[in-house]
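K.L.:
Before we start, here is the structure in question, set down as structure tokens.
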Amino acid sequence: MKNSDIQPLLDVFGSLKEASAEQVKQHWASIKAKERKDKSLHSVLDNIPLTLPALTRSVKIQQRVARVGFDWDDLGPVVDKIHEEIGEVLHEVRLDKPIQEKIQDEMGDLLFAVTNLARHLGIEPEQALRQANAKFERRFRGVETLASKSGKSMEEHSLIELDGYWDQVKRNEVHK
Numbered sequence: 000m001k002n003s004d005i006q007p008l009l010d011v012f013g014s015l016k017e018a019s020a021e022q023v024k025q026h027w028a029s030i031k032a033k034e035r036k037d038k039s040l041h042s043v044l045d046n047i048p049l050t051l052p053a054l055t056r057s058v059k060i061q062q063r064v065a066r067v068g069f070d071w072d073d074l075g076p077v078v079d080k081i082h083e084e085i086g087e088v089l090h091e092v093r094l095d096k097p098i099q100e101k102i103q104d105e106m107g108d109l110l111f112a113v114t115n116l117a118r119h120l121g122i123e124p125e126q127a128l129r130q131a132n133a134k135f136e137r138r139f140r141g142v143e144t145l146a147s148k149s150g151k152s153m154e155e156h157s158l159i160e161l162d163g164y165w166d167q168v169k170r171n172e173v174h175k
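Okay, here's the thing in structure tokens:
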């Protein structure tokens with residue numbers, strides 16, 4: 000290891016042997032702030048790669064602003080924000096002449112708020128969404144199987160019938 004590799008570790012841990020995890024995080028944030036200043040970076044949001052998946056980047060943004068105190072201490076306001084954003088999406092959708100760009104903007108705000116809830120709960124949103132996608136696919140394949148066994152195509156079933164199959168697939172998963 001080179002001295003340049005060791006120095007940041009000494010800066011972080013050398014004087015903090017008895018420090019709490021939170022104190023270490025705060026100390027690390029101050030070191031990173033100094034680095035940003037030295038590199039002429041002006042925002043805690045600088046250097047978050049634009050190439051990250053959107054949910055991952057959202058978490059990184061929220062983590063950065065939380066380090067400087069821009070974060071809620073409990074889940075109440077986080078959940079309230081989600082409800083607020085749902086209301087704003089519905090407002091835009093229900094207009095006489097909905098504008099797709101405004102709906103998309105509000106949907107983005109809603110996704111950002113839901114990602115913030117995941118962060119507060121210690122859930123990795125990319126992984127949670129991957130699991131939800133896999134679960135949906137597994138269940139839908141079960142619906143297709145049940146529909147096929149009935150002798151009718153998917154298109155020949157009503158939505159009520161397909162929802163019934165969906166509920167049956169879910170019940171079977173719980174009982175396994």
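Just so we're aligned: 148 in numbering that gives the first Met the number 0 is position 149 of the sequence shown, and the numbers increase by one with no gaps anywhere.
The beta carbon of each residue, even a glycine, is placed where N, CA and C say it ideally should be.
Consult DSSP for lysine 151 and reduce its assignment to one of helix, strand or coil.
P.N.:
coil
K.L.:
Can you tell which of Gln167, Arg170, Trp27, Gly75 has its C-alpha closest to the C-alpha of leucine 116?
P.N.:
Gly75
K.L.:
With a threshold of 8 Å on Cβ separation, who are the neighbours of aspartate 70 within its own chain once the five nearest residues in sequence on each side are excluded?
P.N.:
Here aspartate 70 has Gln61, Val64 as same chain residues with Cβ atoms under 8 Å from its own Cβ, once five neighbours each way along the sequence are excluded.
K.L.:
Classify threonine 50 as buried or exposed, calling it buried when 16 or more other Cβ atoms lie within 10 Å of its own Cβ.
P.N.:
exposed
K.L.:
Between valine 168 and arginine 138, how many whole angstroms is the CB-CB distance? I'm expecting something under 8 Å.
P.N.:
5 Å
K.L.:
Determine the direct distance from the alpha carbon of leucine 110 to that of valine 182, and round the result to whole angstroms.
P.N.:
Outside the modelled stretch of the chain, which goes from 0 to 175, sits residue 182, for which no answer is possible.
K.L.:
Whole angstroms is fine: what's the gap from glutamine 130's alpha carbon to arginine 140's?
P.N.:
Within the model, the alpha-carbon separation for glutamine 130 versus arginine 140 is close to 15 Å.
K.L.:
Does arginine 118 pass the burial test, meaning 16 or more other C-beta atoms within 10 Å, or should it be called exposed?
P.N.:
buried
K.L.:
If the criterion is Cβ atoms closer than 8 Å, does the pair leucine 120 and leucine 54 meet it?
P.N.:
no
K.L.:
Is asparagine 171 helix, strand or coil when you go by DSSP?
P.N.:
Correct three-state label for asparagine 171: helix.
K.L.:
Can you list, in chain order, the residues of its chain whose CB lies under 7 Å from that of valine 58, leaving out five sequence neighbours each side?
P.N.:
So the list reads Thr114, Arg118, Pro124, once near-sequence residues are dropped.
K.L.:
From the DSSP output, in three-state form, read off aspartate 162 for me.
P.N.:
It is helical.
K.L.:
CB-CB under 8 Å to alanine 161, same chain, minus the five flanking residues each way: which ones, in chain order?
P.N.:
Here residue 161 turns out to be leucine, not alanine, going by the sequence shown. Excluding sequence neighbours, leucine 161 sits near Val142, Ala146, Met153.
K.L.:
Please go through the same chain and pick out, in chain order, the residues whose beta-carbon is closer than 7 Å to the beta-carbon of leucine 44, but skip the five residues on each side of it.
P.N.:
Ile60, Arg63
K.L.:
Less than 7 Å between C-beta atoms, sequence neighbours within five positions excluded: which residues of the same chain meet that for alanine 112?
P.N.:
Lys80, Ile81, Glu84
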